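Chemist: Numbering (this note's numbering), first residue to last: 1 to 362.
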Ligand code: ATP
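Take a look at the structure:
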């Protein structure tokens, strides 16, 4: 049976890595009807928005999409298309496995952990007021009336909502994931509840409540800064981590660094009706258009998508082929070659790496 999938190439290195990914998926023999849709700055002039309605309609119809990264202008311009898609489809669970690959060039060889990041609230909610906005003054007065020390008049403000319902569903998702995938060491809830007693305190309280319903899974909690240190010293102490949105974003990149870098870390955004798969990394404009980006993260994201579509055999074949290609070490992209040898000499390009993966497909 052919599967209908929306493919959003994105920008920066997106078109290159999604092309490599698509070729690898097609080489497995799984039939996919790719519905290619463009989003991001490139469609602004034509449609007046970086995320046109017809793209949302296409994803709503197929319920499965895979995308390349889409650049978010820093500090100004439109809000993130990546975040908007997650919010629109209520893709509340961002799942990012971090697994050592032979020859990934990292300091550790046996990392096997999974980030489960809440994807819809926290400081990513997009509730912000610029310095000088009337709301900043109103908020200042409100804070003062509440008896708390108010903030400087020239502040900009970002609001951090963390709710009971959304904390509960992400922690439940993480426990269910840990159970379904037979994760052995258990689940760690990551927070900063000692300082953010209201928001992170709520997240921790809910996590503890949910944990009581999963006595078969080991549960503990850890402060986010101590988690970062623990991860770089002893990543094997961790298994599944569940985090509010912002910590999840930051700790995901840290964990990508434990398994060879951003080019190696796949991801998925899962909701009740819809799933969008994408690499952890952004659009990397510094290396775009040069055929040097590592497509591994995008290819492994496609393997996650194939699992989601019930094509587990093809997914496993892709993971094995990626692993064999990296293990052989002859045809790897510059980021991996540099991690292995300190130099990019002898590295191959994005499409040549995909060719090597295809050649290793059993
Ligand atoms: P965002 O905020 O959108 O997540 P970012 O600021 O984290 O983006 P990225 O675009 O993810 O930045 O990448 C940071 C750097 O990592 C890039 O500039 C690039 O040098 C490197 N990088 C990212 N992805 C890859 C890749 N697939 N292959 C090789 N290098 C990469």
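Idealized CB from N, CA, C, for every residue including glycine. Keep in mind the model is a prediction, meaning the values are calculated, not measured.
Is residue 8 near residue 67, with beta carbons less than 8 Å apart?
Modeler: The residue given as residue 8 occupies position 8 in the chain shown. The residue given as residue 67 occupies position 67 in the chain shown. The answer is yes: Cβ separation under 8 Å.
Chemist: From 327, 326, 25, 356, pick the residue whose C-alpha is nearest to that of residue 302; which is it?
Modeler: Looking up residue 302 in the chain shown gives position 302. Minimum Cα distance to residue 302 is reached at 25.
Chemist: At which residues does the beta strand (DSSP E) containing residue 221 begin and terminate?
Modeler: On the chain shown, residue 221 is found 221 positions in, with the first residue counted as 1. Looking at the DSSP string, the run of the beta strand (DSSP E) that includes residue 221 is 219-223.
Chemist: Could you say if the stretch 129-137 and the stretch 152-161 meet the contact criterion of at least three C-beta pairs nearer than 8 Å?
Modeler: Judged by Cβ distances under 8 Å, the stretch 129-137 makes contact with the stretch 152-161, as three or more pairs qualify.
Chemist: Can you pull every residue whose C-beta falls closer than 5 Å to some heavy atom of the ligand GDP, listed in chain order?
Modeler: What this structure holds is the ligand ATP, not the ligand GDP.
Chemist: Please tell me whether residue 278 and residue 20 are closer than 8 Å, where the distance is taken between their beta carbons.
Modeler: Here residue 278 refers to the residue found at position 278 when the chain shown is read from its first residue. Here residue 20 refers to the residue found at position 20 when the chain shown is read from its first residue. Result no, Cβ atoms of residue 278 and residue 20 do not sit closer than 8 Å.
Chemist: Does the separation of the CB atoms of residue 13 and residue 320 fall below 8 Å?
Modeler: On the chain shown, residue 13 is found 13 positions in, with the first residue counted as 1. On the chain shown, residue 320 is found 320 positions in, with the first residue counted as 1. The answer is no: Cβ separation not under 8 Å.
Chemist: Is there contact here, the stretch 99-119 with the stretch 169-178, by at least three beta-carbon pairs under 8 Å?
Modeler: By the Cβ rule, the stretch 99-119 counts as touching the stretch 169-178, because three or more pairs are nearer than 8 Å.
Chemist: Could you tell me which of 313, 349, 268, 182 sits nearest to residue 93, measuring between CA atoms?
Modeler: As a first step, residue 93 must be located in the chain shown, where it is residue number 93. Looking at the Cα atoms, 268 is the closest of the given residues.
Chemist: Go ahead and label residue 69 buried or exposed: buried means 16 or more other beta carbons lie within 10 angstroms of its beta carbon, across all protein chains shown.
Modeler: Here residue 69 corresponds to residue number 69 of the chain shown, with the count starting at 1. With 16 or more Cβ atoms within 10 Å of its Cβ, residue 69 is classed as buried.
Chemist: Could you check whether the stretch 205-219 touches the stretch 176-187, counting it as contact only if at least three pairs of C-beta atoms, one from each stretch, sit closer than 8 Å?
Modeler: Touching, yes, given that three or more Cβ pairs across the two stretches are closer than 8 Å.
Chemist: Quick check on the DSSP output: what are the complete alpha helix (DSSP H) runs of length 4 or more inside the stretch 321-354, in order along the chain?
Modeler: Fully enclosed alpha helix (DSSP H) runs of 4 or longer: 334-341.
Chemist: Quick check: the stretch 48-64 against the stretch 336-345, are at least 3 beta-carbon pairs closer than 8 Å?
Modeler: The stretch 336-345, when compared against the stretch 48-64, does not touch it at the 8 Å Cβ threshold.
Chemist: Are there 16 or more other CB atoms within 10 angstroms of the CB of residue 317, so buried, or fewer, so exposed?
Modeler: Counted from its first residue, the chain shown places residue 317 at position 317. By the neighbour-count rule (16 or more Cβ atoms within 10 Å), residue 317 is buried.
Chemist: What is the DSSP secondary structure of residue 24, reduced to helix, strand or coil?
Modeler: Here residue 24 is taken as the residue at index 24 of the chain shown, counted from 1. Here residue 24 sits in helix by DSSP.
Chemist: Determine the closest residue to residue 300 out of 328, 354, 347, with distance taken between C-alpha atoms.
Modeler: Numbered from 1 along the chain shown, position 300 holds the residue referred to as residue 300. With distances taken between Cα atoms, residue 300 lies closest to 354.
Chemist: Are three or more beta carbon pairs between the stretch 193-207 and the stretch 157-173 nearer than 8 Å?
Modeler: yes
Chemist: Identify which residue in 276, 130, 330, 287 has its Cα closest to the Cα of residue 263.
Modeler: Numbered from 1 along the chain shown, position 263 holds the residue referred to as residue 263. Answer by Cα proximity: 287.
Chemist: Mark residue 131 as exposed unless 16 or more other C-beta atoms lie within 10 angstroms of its C-beta, in which case mark it buried.
Modeler: Translated into the one-based positions of the chain shown, residue 131 becomes position 131. Classification of residue 131: exposed, given that the 10 Å Cβ count is below 16.
Chemist: What are the boundary residues of the alpha helix (DSSP H) that includes residue 250?
Modeler: Taking the chain shown and counting its residues from 1, the one referred to as residue 250 is at position 250. That run of the alpha helix (DSSP H) goes 245-258.
Chemist: Which two residues bound the contiguous beta strand (DSSP E) that contains residue 131?
Modeler: Within the chain shown, residue 131 is the residue found at index 131, counting from 1. Secondary structure note for residue 131: it is in no beta strand (DSSP E), with a DSSP letter that is neither H nor E.
Chemist: Should residue 98 and residue 306 be called a contact, given that it needs their Cβ atoms to be closer than 8 Å?
Modeler: Within the chain shown, residue 98 is the residue found at index 98, counting from 1. Within the chain shown, residue 306 is the residue found at index 306, counting from 1. Going by C-beta atoms, residue 98 is not nearer than 8 Å to residue 306.
Chemist: Using the three-state DSSP reduction, which class does residue 107 fall into: helix, strand or coil?
Modeler: Numbered from its first residue, the chain shown carries residue 107 at position 107. Residue 107 sits in coil when the DSSP states are folded into three classes, being neither helix nor strand.
Chemist: Report the three-state DSSP secondary structure of residue 175 (helix, strand or coil).
Modeler: Locating residue 175 in the chain shown gives position 175, where the first residue counts as 1. The answer is helix: DSSP assigns residue 175 an H, G or I state.
Chemist: Report all residues from its chain with a CB closer than 7 Å to the CB of residue 273; omit the five preceding and five following residues, and keep chain order.
Modeler: Along the chain shown, one-based indexing puts residue 273 at 273. So the list reads 63, once near-sequence residues are dropped.
Chemist: Helix, strand or coil, according to DSSP, for residue 181 in the structure here?
Modeler: Position 181 of the chain shown, counting from 1, holds the residue named residue 181. The answer is coil: DSSP assigns residue 181 none of H, G, I, E or B.
Chemist: Strictly by DSSP, which residues pair up with residue 3?
Modeler: Residue numbering aside, residue 3 sits at position 3 when the chain shown is read from its first letter. BP columns for residue 3 point to 32.
Chemist: Note down the Cα distance separating residue 84 from residue 73, rounded to an integer number of angstroms.
Modeler: Here residue 84 corresponds to residue number 84 of the chain shown, with the count starting at 1. Here residue 73 corresponds to residue number 73 of the chain shown, with the count starting at 1. If I take the Cα positions, the gap works out to 14 Å.
Chemist: Can you tell me which residues form a DSSP beta bridge with residue 268?
Modeler: In the chain shown, residue 268 corresponds to position 268, counting from 1. In DSSP, residue 268 forms a bridge with 95, 277.
Chemist: Which same chain residues, not among the five before or five after residue 195, have their C-beta less than 8 Å away from its C-beta?
Modeler: Counted from its first residue, the chain shown places residue 195 at position 195. Around residue 195: no qualifying Cβ.
Chemist: Let me check understanding here. Comparing Cα to Cα, which of 343, 106, 157 lies closest to residue 254?
Modeler: What you label residue 254 is simply residue 254 of the chain shown in a count that begins at 1. Of 343, 106, 157, the residue nearest in Cα terms is 106.
Chemist: For residue 123 and residue 242, what's the separation of their Cα atoms in angstroms?
Modeler: For the purposes of this step, residue 123 is identified with residue 123 of the chain shown, where counting begins at 1. For the purposes of this step, residue 242 is identified with residue 242 of the chain shown, where counting begins at 1. The alpha-carbon atoms of residue 123 and residue 242 are separated by roughly 16 Å.
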